[in-house]
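> Handing you a structure now.
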Amino acid sequence: MTTIAIESREREQLIDITDEVSKLVRGVASGVVWLHCPHTTAALTIQENADPALREDYLEHLAKLVPQPGFRHDEGNADAHIKASLIGTTQPVLVEDGKLVLGRWQAVYFVELDGPRRREVVARVQKA
Amino acid sequence: MTTIAIESREREQLIDITDEVSKLVRGVASGVVWLHCPHTTAALTIQENADPALREDYLEHLAKLVPQPGFRHDEGNADAHIKASLIGTTQPVLVEDGKLVLGRWQAVYFVELDGPRRREVVARVQKA
Amino acid sequence: MTTIAIESREREQLIDITDEVSKLVRGVASGVVWLHCPHTTAALTIQENADPALREDYLEHLAKLVPQPGFRHDEGNADAHIKASLIGTTQPVLVEDGKLVLGRWQAVYFVELDGPRRREVVARVQKA
Numbered sequence: 016m017t018t019i020a021i022e023s024r025e026r027e028q029l030i031d032i033t034d035e036v037s038k039l040v041r042g043v044a045s046g047v048v049w050l051h052c053p054h055t056t057a058a059l060t061i062q063e064n065a066d067p068a069l070r071e072d073y074l075e076h077l078a079k080l081v082p083q084p085g086f087r088h089d090e091g092n093a094d095a096h097i098k099a100s101l102i103g104t105t106q107p108v109l110v111e112d113g114k115l116v117l118g119r120w121q122a123v124y125f126v127e128l129d130g131p132r133r134r135e136v137v138a139r140v141q142k143a
Numbered sequence: 016m017t018t019i020a021i022e023s024r025e026r027e028q029l030i031d032i033t034d035e036v037s038k039l040v041r042g043v044a045s046g047v048v049w050l051h052c053p054h055t056t057a058a059l060t061i062q063e064n065a066d067p068a069l070r071e072d073y074l075e076h077l078a079k080l081v082p083q084p085g086f087r088h089d090e091g092n093a094d095a096h097i098k099a100s101l102i103g104t105t106q107p108v109l110v111e112d113g114k115l116v117l118g119r120w121q122a123v124y125f126v127e128l129d130g131p132r133r134r135e136v137v138a139r140v141q142k143a
Numbered sequence: 016m017t018t019i020a021i022e023s024r025e026r027e028q029l030i031d032i033t034d035e036v037s038k039l040v041r042g043v044a045s046g047v048v049w050l051h052c053p054h055t056t057a058a059l060t061i062q063e064n065a066d067p068a069l070r071e072d073y074l075e076h077l078a079k080l081v082p083q084p085g086f087r088h089d090e091g092n093a094d095a096h097i098k099a100s101l102i103g104t105t106q107p108v109l110v111e112d113g114k115l116v117l118g119r120w121q122a123v124y125f126v127e128l129d130g131p132r133r134r135e136v137v138a139r140v141q142k143a
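Residue numbers (the numbering used here), protein chains in the order written: chain A, 16 to 143; chain B, 16 to 143; chain C, 16 to 143.
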């Protein structure tokens, strides 16, 4: 098991970790790389990697669906906890021939929802 | 690794792929079948398979939560990308005695969010 | 494969099953515990376990995003089916040194969305 270190710079930010994850699976003929976000105000997702405007759309629309104010939880980040559960914190990615099995436009993103913070993603390669 | 070919007929459509997935696991005593949607405007989910009205409710309510217009992304399908991330693109299903481990009312659905298109789902059987 | 029995007491309730899941992985040096919710009006998630107010925030906000009335499905629980798909029904959790790989504030929750009912979660330990 290893960890991928992440440093976010915004409260809400999509951080592409595909390259870091890809490095872990070089030489793996077949298997899965398990990714888990151990934080409760961040998540992992697979999303389109081509258009930066889409990433802004994504974060802004999530903020409309789950606005920051209006909750009992007194740390001001209930929105981040709720979004994290909806997006998900565990993202396994299939591996074949030393590469991640992703579509042409897919990338693996760490979704910061209550930054900026130092974060980490737990990763484990499972060979078939 | 294999692929399941799908041809959607609507912009938004729930397509039951349980039978195709079940065929892949015949004879597998124990394991997991990994399913991954390599597209960024479609997803995979497990949902109730009994009432067609529920599937309309599902797609219509998703369209209320994430309407099509109003985004920067200029391909007119930002909604589909956002929904895909919330629903999820990777769906492993447990296998036992040659069958999928699903509840009585559960089916595996390919969720088309920007069709109609030719699509595929990546599948890999992992034996225990 | 085993099952974890659950008895919910509210229509919507977050039930912490971390202890029950932890018992299944004692002595497992490395692996994964697979959890699957075989019901179509309940789900599984990893969420913050410290503040009870946050769990109320979570369930109340989900009810705002997907209200109970207004659907075609005539059993009065279309909202529960839709939420279950968004939250997800399959939650694998990594295991190392006999313990679940979770962050300090993370717990595994069964998300009841149409209780009160007797429920179960399917669990399988996969050793590395």
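Backbone N, C-alpha and C fix where the C-beta goes; we use that ideal spot for every residue, glycine too.
Taking the beta carbon of C/Thr18 as the centre, do at least 16 other beta carbons fall within 10 Å, making it buried, or is it exposed?
exposed
> Would C/Phe125 and C/Leu29 qualify as a contact pair, given that the criterion is a beta-carbon distance under 9 Å?
In contact: C/Phe125 and C/Leu29 (Cβ atoms closer than 9 Å).
> Indicate the three-state DSSP secondary structure (helix, strand or coil) for C/Gln100 in the structure shown.
The sequence given here has Ser at residue 100 of chain C, not Gln. Here C/Ser100 sits in helix by DSSP.
> So which residues on chain B does C/Gly103 lean against when the C-beta distance must stay under 9 Å?
Thr60, Ile61, Ile102, Gly103 and Gln106
> Comparing the CB of A/Val137 with every heavy atom of the ligand PLP, is any distance shorter than 8 Å?
The ligand PLP is not among the ligands present in this structure, which contains no ligands whatsoever.
> B/Pro107 and C/Pro53 look like a contact to me (Cβ under 8 Å); what is the Cβ gap, rounded to whole Å?
Not quite, the Cβ-Cβ distance comes to about 15 Å (not below 8 Å), so this is no contact.
> Quick test of your reading: B/Arg26 and B/Asp129, contact by CB under 8 Å. State the CB separation rounded to the nearest angstrom.
6 Å
> Whole angstroms is fine: what's the gap from C/Val81's alpha carbon to A/Lys142's?
40 Å
> Kindly list, in the order they appear in chain A, the residues whose Cβ is closer than 7 Å to that of B/Pro53.
Leu117, Gly118 and Gln121
> In the DSSP output, which residue or residues are listed as bridge partners for B/Val140?
B/Val48
> Measure from the C-beta of A/Val47 to each C-beta in chain B and report whether the shortest distance is under 9 Å.
yes
> Give the C-beta separation of B/Leu50 and B/Ala138 to the nearest angstrom, bearing in mind that I take them to be a contact with Cβ-Cβ under 8 Å.
The beta carbons of B/Leu50 and B/Ala138 sit about 6 Å from each other, so the pair counts as a contact at 8 Å.
> Here's the rule: buried if 16 or more other CB atoms are within 10 angstroms of the residue's CB, otherwise exposed. What is A/Lys98?
buried
> Considering only the alpha carbon of each residue, which of A/Gly103, A/Gly113 and A/Val110 lies closest to C/Leu59?
A/Gly103
> Return the chain-ordered list of same chain residues with a C-beta closer than 8 Å to the C-beta of A/Gly113, the five sequence neighbours on each side being excluded.
Val40, Arg41, Gly42, Val43 and Ala44
> From C/Asp94 to B/Pro84, what does the alpha carbon distance come to, in whole angstroms?
24 Å
> What does DSSP give as the partner residue(s) for B/Tyr73 in the beta ladder?
In the DSSP output, where bridge partners are listed per residue, B/Tyr73 has none listed.
> Can you name the residues of chain C whose CB is closer than 8 Å to the CB of B/Glu35?
By Cβ distance, chain C contributes nothing, its closest Cβ being about 18 Å from B/Glu35, past 8 Å.
> Going by DSSP, which residues form a beta bridge with B/Asp31?
B/Tyr124
> If I measure Cβ to Cβ from A/Arg132 and keep anything under 7 Å in the same chain, skipping five residues before and after, which residues do I get?
Ser23
> Taking only the alpha-carbon atoms, compute the straight-line gap between B/Leu117 and B/Glu63 and give it to the nearest angstrom.
11 Å
> Does the Cβ-Cβ distance between B/Arg87 and A/Leu69 come in under 9 Å?
yes
> Do you know how far the Cα of C/Ile21 is from the Cα of B/Asp34?
30 Å
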